[in-house]
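Down below is the structure, laid out as structure tokens.
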Amino acid sequence: LAKLTHSVKLDTVDMNSVDAIFLSAGIAVVVDFVDCPPLKAAIEGLFADGKPVAAVCHAPVGLVQCVTKDGKPLVEGKKVAGFTNEEEIESGMEQAV
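Reminder that position 1 of the sequence shown reads as 1 in this note's numbering, one-by-one numbering, no gaps.
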């Protein structure tokens, strides 16, 4: 349990020891996940290895910059769900993102 109370930088993680990646929700990810080379590399590497890549709420924004081994958008041809503009307006947070 102690390991769960201290986060580490993603670029210090041996991605060969990782079985999957889950991008969690929250408005901050709209900033934190965009243009983040370590996250992009982790997602692309795990996806290329056939390992699960998942994202909820605002987190699919982290998938937008990712590509497959052949250079195609990672999400091309896939159904992707995320927090909608309408939900942003309803929550009153449309100016924050």
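Cβ atoms here follow ideal geometry from the backbone N, Cα and C, with glycine treated the same way. All of these numbers come straight from a predicted model, not from anything done at the bench.
Nearest-angstrom beta carbon gap, residue j and residue i [assumed within contact, 8 angstroms]
i	j	result
Leu-23	Gly-62	5 angstroms
Beta-carbon gap between residue i and residue j smaller than 8 angstroms
i	j	result
Lys-69	Ala-48	yes
Ala-81	Pro-52	no
Leu-46	Val-18	yes
Neighbour-count burial assignment, residue i, 16 or more Cβ in a 10 Å radius
i	result
Pro-38	exposed
Ile-89	exposed
Lys-40	buried
Ala-55	buried
Leu-74	buried
Residues of its chain near residue i, where Cβ-Cβ distance is below 6 angstroms and the 5 sequence neighbours each way are ignored
i	result
Cys-57	Ala-25 and Phe-83
Glu-44	Cys-66
Sequence-distant residues of its chain with Cβ nearer than 8 angstroms to residue i (five each side left out)
i	result
Met-93	Ile-27
Val-34	Val-61, Gly-62, Val-64 and Gln-65
Alpha helix (DSSP H) runs wholly inside the stretch 35-74, at least 4 long, in chain order | 37-48
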